[in-house]
Amino acid sequence: MPGTVVNAVLKKVREESGNIPYLNMVYEGLEDTNSKTRMEAFVHQAREYKDRQ
């Protein structure tokens with residue numbers, strides 16, 4: 103439930119901030135094999151965003 107609220111708020115913040123990249127990651131206490139890939143993709147998006155500024 104808190105994640106749902108946070109996602110809704112962050113979507114609005116992102117829209118109001120020029121689509122600044124953000125990454126929502128949920129920690130469940132289990133090893134997530136795609137976390138590294140998601141973080142790498144986020145860093146790529148953040149760099150592209152910075153370069154456009």
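Residue numbers for the sequence shown, in this note's numbering: 103 to 155.
Don't be surprised by glycine CBs; every beta carbon is placed ideally from N, CA and C.
Could you give the DSSP three-state label for N126: helix, strand or coil?
Looking at N126 - three-state DSSP - the assignment turns out to be coil, as it is neither helix nor strand.
Per DSSP, what kind of secondary structure is N109 in: helix, strand or coil?
It is helical.
Just verifying my parser: in three-state terms, what is the DSSP assignment at S137?
In this structure, S137 counts as helix in the three-state DSSP scheme.
According to DSSP, is Q155 helix, strand or coil?
In this structure, Q155 counts as coil in the three-state DSSP scheme.
Quick check: what's the CA-CA separation for H74 versus S137?
Nothing about residue 74 can be reported from this structure: the residues present for the chain run from 103 to 155 only.
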